[in-house]
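Counted the way this note's numbering counts, the sequence shown spans residues 48 to 1024.
For reference, the structure discussed in these notes is given below.
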Amino acid sequence: MTARTSSSVKGIPTGQTPLGSVKSKAASPSNNDEDAKKQNMDNPTPSVHPIDTLSRKLRQQAMELTHVYEELEKQNVKIDAYKQQIEDQKLQLEKLREKRRKSLDGSSKTSRSSRTTALEQQKRSTQMMIGTPSTGASLGQKREELDCILKEAEREKKKYQLAAKRIEKALVELQVFQNDRMEKLLPSEGELNQVEESCDFQAVLNEQRAYIRVLEEAVHLKATDFEITGHEELLVVLAELRHTIYEQEKDVQEKANVLASIQQQLEQEQQQHLETKNILASTQKQEEEIANRFHEQESAFHVRIHQVEQQLLEKDRHLNQLHSVSTDAQHTEEALQNRLTVATKTQNLTQAKLQDATRSIKSLQEQLHGITSKYKEAQQQVGSLREESSKKQSHLDEMNALQEELLGSVDKYVGKVKKSRDKVDRLEAELESCKEKEALTQKQLQEAARSSDERVSILKAEVDAAEQRTQQIQAQRTALEQEKNRLEDALAEVQQQLEGQEQERNEQQQEIAEKEQRYHQMEEAVAELEAALSTVLMMMLGKTPDPSEKQSMTEDEEDDTDKHAFLLDQSVLRELETCCQALNTLTTENGPKQSTTLCSSFTKILARVATIGERVVNEVNRALASWARERTNLVETCATLDATAKMCQNEMEKRHDEIQDYREQLAERASEVEAYAMELDTLDEQLRSAQAECEAFYALEEHATRQEEALQAKQALIRDLSAENDRLSAVENAYSVQVATNARYSQRLEDQHEAIKEQKQCAKELEQALENAANFAEEQNECNQQLQSQLAEMEISQRKQADLAKTLEVQNAAFSSRFLRLIKQYTTFLRPVAATDRSLQDHLNLFDAEFQNGDIPRLLQLFPALLEEYISTCTSNPIDSRGGNKSSITSNSTKKKPHRVSPDKPQIEMATTKWQPPTPEPPSSKTPSLPIVLNAAVTRNHRYSIPAEKEEAQLAEQLELIRGAFQSYKGDVETER
């Protein structure tokens, strides 16, 4: 089960599509067989929907998740067992600490064991001193050997002191190296991964072991050099402690590996959990998309059905509108025709009246310019009114309103024309009967058209529904094929990703193998360092690291320890002292006499032995003092060993704290696992809901299959209906012909409707024109009356003017005769003067020519110029005193210098009086209206003679008459113009 879960977990990459897990789960043949069986059981059709496979694979994932939860529970049990083991190891550590304390206390007890060994050695020494056949050695030889050994001990003591100093220096350097190595091997947080940290930690442990070995070798060297015993038990205890620490480290490392594996499993489970979430999200999205697709299809179908219904309703409305429009158009056409007949009659009447009016007005066109301008303005107003009416007419869409307006206009027109009421009533009755007949015919046509349309629409709807279903099925097939292809592509991608992961895994394994080789190389290097340190220490002690020599040295050291171990105990020394005292007593007189009798030199020998013993005791005391100093040194080394043990203990406590941290992390991971379990429960519920939705989808598929069957049945029905459709096609063709005829009728009706609209507009225009013509006729009647009155007045004035013309003709004839006589007299008067003046002669010749022609107006125009010329000649030439009348006129003219009549100011003297029509009064009535200047000019000449004054008065009268005649003629010409 664990292999299956691990494979399923490792096979699914993070952040992958949910098809990766499906791929890894679909690999086993048993699952494939089960899937095939389920497919055969669930799907009667050969085509398998991808949602079915997804749902089955989701079920498999749910089963595997349950197995994973079982594995997690087992791992939780294992974690609890590990916790129990950790607690047991804590108890073992406490026991080890107690043992260590006892070992520290047992160092004092080692002296007792050394005493027992010293007693045994004392017995041996006594036997040696007494002498035995086995040894065969004498005390002298032993004494010499002892002296040599003491000398060598002193030399070696010096060596050992130097070696101890060197060892202390080497230990200090080793500690510094260790500290530097620790700083290098323990980098800052977040720089290296767990594998590198574990490797660095292993290197630190190896260095610690090397350091402990160096200390043990130093203790062995000191103990062997200074012939000290009792340290081996302490080293054994330390070795046991180290072994227990090593085992505990192994356990801790195993537990750390277990924790790492558990963390990896947790990460894998988290990845699997995320993948399940992704799968669920993707399935939910797919289901939502499918549901949305179905909803969109349903809404599209509803919208299409609604659109078709609306189109049918619009067609029905359009047909109804066309029928209503046709009926209304017929009614309006008849009404308009009636109105047109009436309008034509009225128009004819008005045209006759207008012709009469135009006939009567032709003679008065010059006086009717103002009336025509008013008529043009009225026409412009009529044009604006027509535009307004056309704009208003464009906004009228419904024919009912048009009918109402027409009826209203008809009513208005009926109100105006009361004589046509009877005719309109009769025509309306006839129209109603026609309407009823047309309504019956239209109802029959509508019923027939509706029945045919309903049949055709039903058949079309069924055909459209069948086509839509076939299209839906084809679309579903294409969608399923696309999803199948997409799934195959996704499976291929997952396979590629799995191959890539396997390659990455092989690369990681190769990297791990390379790292292991590096670690073995480092261990070998550390072992070489240890060997080098041991060789250096041996060289510092002056020994070679040959193994044979080491064995011989160990054997010699064992012999030396056997030989010299008796000297290390105080009891042996006390017994030596007692022996020496006993020998001294033997050498004195109190000693036994047998010894003296046996050997005369026995006392001397005993004295020498006593001195030797005292010397040996002194040397031994001295050695013991030195050994005490060495013992203090050993105590110090033991203190250093205690410090190292404490350091190891601190390291163990640190490891214990780390283990506690790991336990806390395990508890946190356990809580997270519980939270994940809760989330997985929710996911299980979601899976159940998804399964329910999948079951609903299966139901939909079954419904689709049923629909397919129904579709097949409907296809058969369609085949049946096709024949009926063929049969109905002929009917439809007939109806189409009818519809075409109806369309033509409707087109005709529309054309008639448009013609009616145009006729209506024309009728309105005609009505407006009639109204305008009526108004214009009224205005013309008024104008005619005014003109008739004016004509009467003008006839009266014309009669008056005719009378005046006759009187004027009489006056003109009289004036012309008088004027001709006067001109004749004046020319005869001016002839002698003109003989001397060339310009005046020219004027007279011109005047004579016009006089002969009889052109009086020309004479009147030339006469003032002639007078002016005469006056200028009179003023310019001196006069002789011979002529009585001439001299008086010229003198008067030279003295008074009368005003010259200039052509620029001809009206200064002539325009003083206004011309009036001529009256039968005598011409003498004009004499009082002479100009003031001439009167003044005449009256001021007091120095002239009386005949000259008379002549001047005559000339002035003649001039005034000429001027009056000229003014009257001028006024007559203006009146004639």
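The C-beta atom is built at its ideal place from N, Cα and C for all residues, glycine as well.
Distance check for His800 and Gln762, CA to CA, integer angstroms please.
Position 715 of the sequence shown, counting from 1, holds the residue named residue 762. Position 753 of the sequence shown, counting from 1, holds the residue named residue 800. Roughly 48 Å separates the two Cα atoms.
Can you give me the C-alpha to C-alpha distance between Ile337 and Gln544, rounded to a whole angstrom?
By one-based count along the sequence shown, residue 337 stands at place 290. By one-based count along the sequence shown, residue 544 stands at place 497. Approximately 29 Å between the Cα atoms of the pair.
Which residue from Ala486, Leu914 and Glu897 puts its Cα closest to that of Leu877?
The residue labelled residue 877 in the question sits at position 830 within the sequence shown. Checked all of Ala486, Leu914 and Glu897; the closest Cα to Leu877 is Leu914.
From this set, Ala816, Ile126, Leu197 and Ile292, which residue's C-alpha is nearest Met694's C-alpha?
Mapped onto the sequence shown, residue 694 falls at position 647. Checked all of Ala816, Ile126, Leu197 and Ile292; the closest Cα to Met694 is Ile292.
Is the beta carbon of Leu887 closer than 7 Å to that of Ala896?
Along the sequence shown, read from residue 1 onward, the residue named residue 896 stands at position 849. Along the sequence shown, read from residue 1 onward, the residue named residue 887 stands at position 840. For Ala896 and Leu887, no; Cβs fall outside 7 Å.
For Ala882, which three-state DSSP category applies?
The sequence position of residue 882 within the sequence shown is 835, counting from 1. In the structure shown, Ala882 sits in coil (DSSP, three-state: anything other than H, G, I, E or B).
Please report the distance separating the alpha-carbon of Ala860 from that of Phe866.
Counted from its first residue, the sequence shown places residue 860 at position 813. Counted from its first residue, the sequence shown places residue 866 at position 819. Rounded to the nearest angstrom, the two C-alpha atoms are 10 Å apart.
Test item: CB-CB of Val299 and Arg702 under 7 Å
Locating residue 299 in the sequence shown gives position 252, counting from the first residue. Locating residue 702 in the sequence shown gives position 655, counting from the first residue. Taking 7 Å as the cut-off, the beta carbon of Val299 is found closer than this to the beta carbon of Arg702.
Taking Cβ to Cβ, would you say His378 is nearer than 7 Å to Leu474?
Position 331 of the sequence shown holds residue 378. Position 427 of the sequence shown holds residue 474. The answer is no: Cβ separation not under 7 Å.
Going by C-alpha to C-alpha distance, which of Gln837, Leu747 and Arg735 sits closest to Met110?
Here the question's residue 110 lines up with position 63 in the sequence shown. Relative to Met110, the option among Gln837, Leu747 and Arg735 whose CA is nearest is Arg735.
8 Å contact criterion, which Glu666 and Leu282 should meet: CB distance rounded:
On the sequence shown, position 619 is the one that residue 666 refers to. On the sequence shown, position 235 is the one that residue 282 refers to. So it is not a contact: roughly 30 Å between Cβ atoms.
For Glu314, which of Lys297, Ala852 and Leu119 has the nearest alpha-carbon?
What you label residue 314 is simply residue 267 of the sequence shown in a count that begins at 1. Answer by Cα proximity: Leu119.
Touching by the beta-carbon criterion (3+ pairs, under 8 Å), the stretch 141-151 and the stretch 323-331
no
Is the separation between the beta-carbon of Ser863 and that of Ile903 shorter than 7 Å?
In the sequence shown, the residue the question calls residue 863 occupies position 816. In the sequence shown, the residue the question calls residue 903 occupies position 856. Closer than 7 Å, so yes.
DSSP state of Asp135, grouped into three classes?
Translated into positions along the sequence shown, residue 135 becomes position 88. Residue state, collapsed to three classes: helix.
Can you tell me whether Phe823 is buried or exposed? The criterion is at least 16 other CB atoms within 10 Å of its CB, across all chains shown.
Position 776 of the sequence shown holds residue 823. By the 10 Å Cβ count, Phe823 comes out buried.
Taking all protein chains shown into account, decide if Thr684 is buried (16 or more other Cβ within 10 angstroms of its Cβ) or exposed.
Against the sequence shown, residue 684 aligns to sequence position 637. Classification of Thr684: buried, given that the 10 Å Cβ count is 16 or more.
Judging by CA-CA distance, which residue of Asp773, His365, Leu688 and Gly901 is the nearest neighbour of Leu1026?
Outside the displayed span of the chain (48 to 1024) sits residue 1026, for which this structure offers no information.
With burial defined as no fewer than 16 other Cβ atoms inside 10 Å of the residue's Cβ, what is the status of Glu1007: buried or exposed?
Position 960 of the sequence shown, counted from the first residue, corresponds to residue 1007. Per the 10 Å Cβ criterion, buried.
Which whole-angstrom value is the C-beta distance of Leu817 and Thr393, which I expect to be below 8 Å?
Numbered from its first residue, the sequence shown carries residue 817 at position 770. Numbered from its first residue, the sequence shown carries residue 393 at position 346. Indeed they touch by this definition, with Cβ atoms about 6 Å apart.
DSSP three-state call for Asp902: helix, strand or coil?
Taking the first residue of the sequence shown as 1, we reach residue 902 at position 855. Residue state, collapsed to three classes: coil.
Is it the case that the Cβ atoms of Glu916 and His890 are separated by a distance below 7 Å?
Position 869 of the sequence shown, counted from the first residue, corresponds to residue 916. Position 843 of the sequence shown, counted from the first residue, corresponds to residue 890. Their beta carbons are under 7 Å apart, which means Glu916 touches His890 by this criterion.
Per-residue burial, Leu359 [other beta carbons within 10 Å of its own, 16 or more giving buried]:
Here residue 359 refers to the residue found at position 312 of the sequence shown. Leu359 should be labelled exposed.
Neighbour-count burial assignment, Glu434, 16 or more Cβ in a 10 Å radius
For the purposes of this step, residue 434 is taken as residue 387 along the sequence shown, with counting starting at 1. With fewer than 16 other Cβ atoms within 10 Å, it is exposed.
If we ignore side chains and look at the alpha-carbon of each, how far apart do Asp708 and Lys121 end up?
Against the sequence shown, residue 708 aligns to sequence position 661. Against the sequence shown, residue 121 aligns to sequence position 74. Their backbone Cα atoms lie some 22 Å apart in a straight line.
Am I right that Ala737 and Gln331 are in contact with their C-beta atoms under 8 Å? What's the rounded C-beta distance?
In the sequence shown, the residue the question calls residue 737 occupies position 690. In the sequence shown, the residue the question calls residue 331 occupies position 284. Right, their Cβ atoms sit about 7 Å apart.
Buried/exposed call for Phe341, threshold 16 Cβ in 10 Å
Here residue 341 refers to the residue found at position 294 of the sequence shown. Flag for Phe341 reads exposed.
For the putative contact between Ile870 and Leu906, defined by C-beta atoms under 8 Å, what is the C-beta separation to the nearest angstrom?
For the purposes of this step, residue 870 is identified with residue 823 of the sequence shown, where counting begins at 1. For the purposes of this step, residue 906 is identified with residue 859 of the sequence shown, where counting begins at 1. Sure, about 6 Å apart at Cβ, within 8 Å.
Exposed or buried, Thr182, counting other C-beta atoms within 10 Å across all chains shown (16 or more means buried)?
Here residue 182 refers to the residue found at position 135 when the sequence shown is read from its first residue. Caution applies to Thr182, whose pLDDT of 43 falls short of 50 and renders its modelled position unreliable; the model cannot decide the point.
Counted within 10 angstroms of its Cβ, other Cβ atoms place Met841 as buried (16 or more) or exposed
As a first step, residue 841 must be located in the sequence shown, where it is residue number 794. By the 10 Å Cβ count, Met841 comes out exposed.
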